[in-house]
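Counting in my numbering, the sequence shown runs from 1 upward without gaps. Below: the structure, in structure tokens.
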Amino acid sequence: MQQLRTVGQQPPADEKTLEAREECLRAREARLEEMERDLRAREAALLGRDRVLIDILESTLAGYWDWNVPAGTEYMSPAFKKMLGYEYDELPNVPETWQRLIFKEDLSKVLVSFDRHIESRGREPFSNEVRYRHKDGSTVWVVCAGRVIEWTESGAPIRMVGCHVNVSDRKRAEEELKRSEYWLQSIFDSIDEAVFVVKPDRTLTHLNQAAECIFGYTASEVAEHSTEVFHVDHEHFLDFGARIQESFAKGQTARFEFECKNRDGTVFPSEHTVSLLKDTQGQPMGIVSVVRDISGRKRFEREANELREQLYHAQKLEAIATLAGGVAHDFNNILAGLLSGLSLLELELRDTDLARQTDLKDMMDLVDRGTELSKQLLGFGRRGKYDVAPRSLPRIVEGTVALFTKAHRATTVELSFSPDLKATLVDRAQIDQVFLNLFINAAHAMPSGGRITVSATNVSIDGAEAARLNVKPGDFVRVVVKDAGVGIEPTILPRIFEPFFTTKEAGVGTGLGLASVYGIIRSHGGHVTVTSKIGDGATFTILLPATEQAHIEESITAERSVRPGEGKILVVDDDAMLLRLCARVLKKLGYEVLTAPGGRAAVELVRQHRDQMTLVILDMTMPEMSGPTVFQKIREIAPELKVLLASGYAIDREARSLLEQGACGFIQKPFTIAGLSEKIQAIR
Numbered sequence: 001m002q003q004l005r006t007v008g009q010q011p012p013a014d015e016k017t018l019e020a021r022e023e024c025l026r027a028r029e030a031r032l033e034e035m036e037r038d039l040r041a042r043e044a045a046l047l048g049r050d051r052v053l054i055d056i057l058e059s060t061l062a063g064y065w066d067w068n069v070p071a072g073t074e075y076m077s078p079a080f081k082k083m084l085g086y087e088y089d090e091l092p093n094v095p096e097t098w099q100r101l102i103f104k105e106d107l108s109k110v111l112v113s114f115d116r117h118i119e120s121r122g123r124e125p126f127s128n129e130v131r132y133r134h135k136d137g138s139t140v141w142v143v144c145a146g147r148v149i150e151w152t153e154s155g156a157p158i159r160m161v162g163c164h165v166n167v168s169d170r171k172r173a174e175e176e177l178k179r180s181e182y183w184l185q186s187i188f189d190s191i192d193e194a195v196f197v198v199k200p201d202r203t204l205t206h207l208n209q210a211a212e213c214i215f216g217y218t219a220s221e222v223a224e225h226s227t228e229v230f231h232v233d234h235e236h237f238l239d240f241g242a243r244i245q246e247s248f249a250k251g252q253t254a255r256f257e258f259e260c261k262n263r264d265g266t267v268f269p270s271e272h273t274v275s276l277l278k279d280t281q282g283q284p285m286g287i288v289s290v291v292r293d294i295s296g297r298k299r300f301e302r303e304a305n306e307l308r309e310q311l312y313h314a315q316k317l318e319a320i321a322t323l324a325g326g327v328a329h330d331f332n333n334i335l336a337g338l339l340s341g342l343s344l345l346e347l348e349l350r351d352t353d354l355a356r357q358t359d360l361k362d363m364m365d366l367v368d369r370g371t372e373l374s375k376q377l378l379g380f381g382r383r384g385k386y387d388v389a390p391r392s393l394p395r396i397v398e399g400t401v402a403l404f405t406k407a408h409r410a411t412t413v414e415l416s417f418s419p420d421l422k423a424t425l426v427d428r429a430q431i432d433q434v435f436l437n438l439f440i441n442a443a444h445a446m447p448s449g450g451r452i453t454v455s456a457t458n459v460s461i462d463g464a465e466a467a468r469l470n471v472k473p474g475d476f477v478r479v480v481v482k483d484a485g486v487g488i489e490p491t492i493l494p495r496i497f498e499p500f501f502t503t504k505e506a507g508v509g510t511g512l513g514l515a516s517v518y519g520i521i522r523s524h525g526g527h528v529t530v531t532s533k534i535g536d537g538a539t540f541t542i543l544l545p546a547t548e549q550a551h552i553e554e555s556i557t558a559e560r561s562v563r564p565g566e567g568k569i570l571v572v573d574d575d576a577m578l579l580r581l582c583a584r585v586l587k588k589l590g591y592e593v594l595t596a597p598g599g600r601a602a603v604e605l606v607r608q609h610r611d612q613m614t615l616v617i618l619d620m621t622m623p624e625m626s627g628p629t630v631f632q633k634i635r636e637i638a639p640e641l642k643v644l645l646a647s648g649y650a651i652d653r654e655a656r657s658l659l660e661q662g663a664c665g666f667i668q669k670p671f672t673i674a675g676l677s678e679k680i681q682a683i684r
């Protein structure tokens with residue numbers, strides 16, 4: 001009984017140990033159950049969270065993938081497969097799936113990117129923009145990005161995850177933008193004028209091809225550079241900017257002309273149109289400038305001004321020529337009256353008073369000098385040309401030189417003619433006058449003597465050049481006359497061919513020499529110009545129409561003599577004094593004379609005396625009824641009646657026409673009694 005315990009008695013030690021152990025086991029079991037419940041709760045939470053993440057990923061437009069590298073399996077989300085046009089079950093979840101659908105050109109790029117990502121242990125990002133083939137054959141642009149999230153201890157990838165984002169819309173937009181930019185650039189480059197776009201700080205952003213051509217820079221060379229490279233200097237650059245701002249301040253587009261400079265430093269005139277560019281908020285964002293190289297236009301304007309000046313000068317000379325011709329005609333009528341009166345006196349004083357005959361000869365010499373002056377006027381007025389035929393220009397010039405050097409022994413004339421020089425269609429006397437005037441003008445420019453050179457060659461003038469020179473296209477002989485004189489002042493040069501214009505002292509020259517040169521050459525269908533530099537003499541260049549015809553041999557005119565005659569002659573002239581004096585001269589020569597002060601009276605006299613009348617001396621220039629009209633009426637009344645034409649002008653187109661229609665001859669006023677006598681005898 002000793003082993004029995006009484007109430008309140010402690011149990012033995014072994015029993016206590018056993019109870020303690022049991023209590024400890026129960027506590028541990030409770031903790032394990034609690035941990036299990038916690039783990040289950042956490043697992044449920046994780047599964048719920050994963051489900052949420054999966055749902056989120058599945059609900060996005062992006063596709064995601066999860067690649068178990070060692071197992072060779074790869075989960076591809078439904079969204080991934082759908083963006084390629086496939087249902088989820090149509091494609092196996094293996095890497096070969098996407099490798100088969102990706103463009104081969106892009107696969108190699110992806111594999112290289114993957115290798116770099118692995119080699120760098122994830123430091124090198126794995127991200128690529130690639131193309132996949134859609135189920136319908138179209139192209140799908142995808143941004144593929146991912147990373148390895150599990151590695152072996154040796155650094156081999158275990159698990160890699162990533163996503164695919166469909167960027168086809170963006171790529172299409174980019175392509176459309178590129179096409180739009182290309183289209184706009186094509187339009188930009190197709191503009192003939194230079195166009196460039198400038199930021200507010202005046203640095204360049206865009207330049208078209210025309211601008212590259214004009215300025216010599218490529219767009220890449222001047223991009224982000226200041227537009228100052230296009231300006232002559234900094235001052236021009238600032239002035240240009242100020243003018244633009246002035247226009248913009250008024251709300252206007254800037255338009256003005258300005259000088260620019262290209263790459264090689266050449267300065268050229270340009271026209272600018274500058275507009276302000278604004279953003280959607282209406283704030284300035286730059287300017288666009290259209291530049292036109294107006295070098296051609298400026299050159300055309302200069303040439304047009306020169307042509308305008310030449311035309312004005314030609315019109316002025318034409319007007320003066322008309323006036324000069326009219327003056328010469330009236331002057332010749334006066335001289336004709338004087339010469340007729342003196343001729344009558346000469347006949348009456350023959351073999352009588354020698355002193356009075358000497359005085360008479362002096363007066364006739366004065367009339368001859370007046371006649372020469374009148375010829376100069378007619379030459380300028382283009383009314384002095386007559387007897388045009390193919391002639392040897394060297395022979396004419398050689399004769400003129402021989403005459404000139406007799407009076408100007410200190411001046412030498414050197415001649416150089418092309419051996420195959422063609423004949424020229426000219427009047428010998430008039431062309432002789434041209435060269436004599438040029439030689440005299442040169443001699444005056446060389447008061448101490450000097451050398452004149454004359455050269456002549458054959459040339460052909462085409463349509464454009466002929467139009468510029470106001471001549472007919474064809475063959476010409478070009479004659480260059482150069483002296484070694486003092487030269488002509490630039491201010492004087494434009495007036496050199498004006499009649500009565502002279503720089504010589506009073507009494508030394510009439511101012512008609514070069515004017516008659518101009519008129520005679522122009523009346524021959526030629527052209528004359530002059531160039532000169534102070535201290536380097538003057539050069540006259542003459543063009544005369546050439547011909548393939550052989551030149552005629554000039555004959556020596558026999559000395560004229562007064563020969564009496566007989567017959568009834570009608571003299572028709574509106575100048576009463578000339579009419580009276582001519583009648584007296586003819587009567588002295590033995591002719592019976594009728595006179596008519598005008599065309600109507602002449603026609604009536606022809607009608608009355610046509611059977612007895614042997615000749616009509618008809619003035620070409622009369623009021624009311626002109627000479628050609630009277631001639632036609634005479635031909636109607638008496639077709640066989642001979643008509644001698646007379647005029648204060650030299651033979652012209654109208655006179656030549658009447659000669660072709662049957663007129664028997666032409667005599668120019670003033671004429672001597674011997675000249676008239678010889679003409680009548682030649683006709684009879």
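The beta-carbon is built from N, C-alpha and C at its ideal position, and this holds for glycine as well.
- DSSP places residue 256 in the strand class (E or B) of the three-state scheme.
- Restricting attention to 517, 245, 273 and 104, the CA atom closest to the CA of residue 284 is found in 245.
- Under the DSSP assignment, residue 668 falls in the beta strand (DSSP E) whose first and last residues are 665-668.
- Within the same chain, 214, 268 and 270 come within 7 Å of residue 293 by CB-CB distance, once the 5 residues on both sides are set aside.
- Around residue 605, the same chain offers 570, 594 and 596 as residues with beta carbons nearer than 7 Å, after the five sequence neighbours per side are excluded.
- The C-alpha of residue 399 lies about 10 Å from the C-alpha of residue 436.
- Closest by C-alpha distance to residue 182, out of 208, 542, 603 and 167, is 208.
- Scanning 411, 602, 410 and 433 for the CA closest to the CA of residue 397 turns up 433.
- Taken atom to atom, the span from the alpha-carbon of residue 121 to that of residue 150 is near 10 Å.
- A Cβ-Cβ distance of about 14 Å is found for the pair residue 198 and residue 188, leaving them out of contact under the 8 Å criterion.
- According to the DSSP assignment, residue 463 belongs to no beta strand (DSSP E) but to the alpha helix (DSSP H) extending over 463-469.
- With a cut-off of 8 Å on Cβ pairs, the segment 162-176 is not in contact with the segment 230-248, counting fewer than three such pairs.
- For a cut-off of 8 Å, the C-beta gap from residue 521 to residue 496 is around 13 Å, too long to register as a contact.
- Within the same chain, 581 come within 6 Å of residue 341 by CB-CB distance, once the 5 residues on both sides are set aside.
- For residue 390, the CB contacts under 8 Å within the same chain, skipping 5 residues up- and downstream, are 423, 424, 425, 547, 549, 550, 551 and 552 in chain order.
- Residue environment: residue 619 is assigned as buried (16 or more neighbouring CB atoms within 10 Å of its CB, all protein chains considered).
- In the three-state scheme derived from DSSP, where H, G and I count as helix and E and B as strand, residue 289 is classed as strand.
- Distance from the CA of residue 684 to the CA of residue 603, rounded to the nearest whole angstrom, comes to 22 Å.
- A residue is called buried when at least 16 other Cβ atoms come within 10 angstroms of its Cβ; residue 88 does not meet this threshold and is exposed.
- Proximity to residue 141 across 17, 133 and 159 peaks at 133, based on C-alpha coordinates.
- In the DSSP annotation of this structure, the continuous segment of the beta strand (DSSP E) that includes residue 146 starts and ends at 139-151.
- When only Cα atoms are considered, residue 463 and residue 481 end up about 25 Å apart.
- Under DSSP, residue 411 forms a beta bridge with 450.
- Looking at the DSSP output, residue 646 sits in a beta bridge with 619 and 667.
- With respect to the 8 Å criterion, residue 544 and residue 526 are classified as neighbours on the basis of their beta carbons.
- In the pairwise beta carbon analysis, the segment 125-132 is classified as not touching the segment 20-31: fewer than three pairs are separated by under 8 Å.
- In this structure, residue 117 lies near residue 148, with their beta-carbon atoms less than 8 Å apart.
- A Cβ-Cβ distance of about 5 Å is found for the pair residue 274 and residue 289, placing them in contact under the 8 Å criterion.
- Under the three-state reduction of DSSP, residue 563 is assigned to coil, being neither helix nor strand.
- For residue 162, the beta-bridge partners assigned by DSSP are 65 and 146.
- Here DSSP, grouped into helix, strand and coil, assigns residue 89 to helix.
- Bounds of the beta strand (DSSP E) holding residue 268 are 267-278.
- Nearest neighbour of residue 479 by Cα position, chosen from 453, 640, 466 and 491, turns out to be 453.
- Residue 491 sits in coil when the DSSP states are folded into three classes, being neither helix nor strand.
- One Cα belongs to residue 415, the other to residue 534, and the distance between them is close to 24 Å.
- Judged by DSSP in its simplified three-state form, residue 484 adopts coil rather than helix or strand.
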